[in-house]
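Counted the way UniProt numbering counts, the sequence shown spans residues 1 to 297. C-beta atoms are modelled at their ideal positions from N, C-alpha and C, and glycine is treated no differently. Notes follow the structure.
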Amino acid sequence: MKDTPDILCIGSVLWDVIGRSASVMRQGSDVPGRITRLPGGVALNIAMTLTRFGLTPALLTAIGRDAEGDELIAACAARGMNTDCVYRSDDLPTDVYMAVEGANGLIAAIADAHSLEAAGAKILRPLSDGRLARTGAPWDGPVALDGNLTLSLLSEIARSPLLAEADLRVAPASPGKAERLLPFVQSGRGTLYVNLEEAGLLCQTRFTGSRDAAAGLLARGASRVLVTDGGADATEGRPDGSLTRTPPQVLVTRVTGAGDTFMAAHIAAERDSAAPDDALAMALDAAASYVSGETAL
1 MKDTPDILCI GSVLWDVIGR SASVMRQGSD VPGRITRLPG GVALNIAMTL TRFGLTPALL
61 TAIGRDAEGD ELIAACAARG MNTDCVYRSD DLPTDVYMAV EGANGLIAAI ADAHSLEAAG
121 AKILRPLSDG RLARTGAPWD GPVALDGNLT LSLLSEIARS PLLAEADLRV APASPGKAER
181 LLPFVQSGRG TLYVNLEEAG LLCQTRFTGS RDAAAGLLAR GASRVLVTDG GADATEGRPD
241 GSLTRTPPQV LVTRVTGAGD TFMAAHIAAE RDSAAPDDAL AMALDAAASY VSGETAL
């Protein structure tokens, strides 16, 4: 593993407990299926995809100093991620995400990221103590940031000199946390990766398609956005124009982590100097491969 990471992944690193069934489900459904427990969290999902593109990501997160945390750290290191800068807490448990998916998509999910929220700015210490950067010599590479952090910490990051020179890429983690990204919209900071619902929440309206959603976010002050809409068109929006592509049509076998895969693949494509249209196409292809089950977990 390289000593210097290619990208920082800041946010949730936890255990994903996912129940999946081939049946169509509704509230109260009790059906057969499979339950898996795998390393997950938005920051980790992005990092895992980046390693498949040959990059070495460093994780900035909070993980408990418990048996689950030790196992999670080992799993991350085994997958090619740099865990040297992870904040290990003696009194906070390792976080967990739990979801239920049916043939008709995500039924329900609960993200218990309370330890990450409680750790707060402690996870950013490596950006000022010399391990990754220091005051006067900030990190100037790419950063993937997720919205599982608190609104106050995200607001601080949006204006922090520690990341003022970074290529900041931001995802909301879930529709329920989409409005935590408002500081980045208002400050015109970073590239935002959102789905159609999340774009609507940030703009306090409802959009009918990704192109309208991208335009709405730009009008609110965002500097650059990528808006996905499941199997429908996805759009990259910039002040100088927009780009829309239709993703490949595939049989959907899973949905948790699809947006993270899209974001990571797009970052990797641009790092390899792909043209905007090619980068968007590569990201959509990677997400389609993931939801179809072709990409291994």
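Can you grab the Cα-Cα spacing for the pair A269 / E197, in whole Å? 25 angstroms
Same chain, Cβ closer than 7 angstroms to A119, five either side skipped, listed in chain order: A62, Y87, S89, L92
Which runs of the beta strand (DSSP E) at least 3 residues long sit entirely within the region 13 to 96? Give them in chain order. 14 to 20, 34 to 40, 57 to 60, 62 to 64, 87 to 89
So R220 is in the alpha helix (DSSP H); what residue range does that whole segment cover? 210 to 220
Are V171 and D260 close, meaning C-beta to C-beta below 8 angstroms? One point to set straight first is that residue 171 is Ala, not Val, in the sequence displayed. Closer than 8 angstroms, so yes.
Assuming A215 contacts G200 under a Cβ cut-off of 8 angstroms, what Cβ separation, rounded to an integer in Å, is found between them? Actually they are not in contact, since the Cβ atoms of A215 and G200 sit about 13 angstroms apart, beyond 8 angstroms.
Would you kindly check if the distance between the Cβ of P5 and the Cβ of A58 is under 8 angstroms? yes
What separation, rounded to the nearest whole angstrom, lies between the Cα atoms of S273 and I7? 16 angstroms
Taking all protein chains shown into account, decide if K177 is buried (16 or more other Cβ within 10 angstroms of its Cβ) or exposed. buried
Between the Cα of A133 and those of L60, E156, E68, E117, spot the shortest distance and give me the residue it belongs to. L60
Expressed to the nearest angstrom, what Euclidean distance is found between the alpha-carbon atoms of L116 and G147? 11 angstroms
Could you pull out every residue in the same chain whose Cβ sits closer than 6 angstroms to the Cβ of A113, ignoring the five residues on either side in sequence? S12, D95, N148
Classify G28 as buried or exposed, calling it buried when 16 or more other Cβ atoms lie within 10 Å of its own Cβ. exposed
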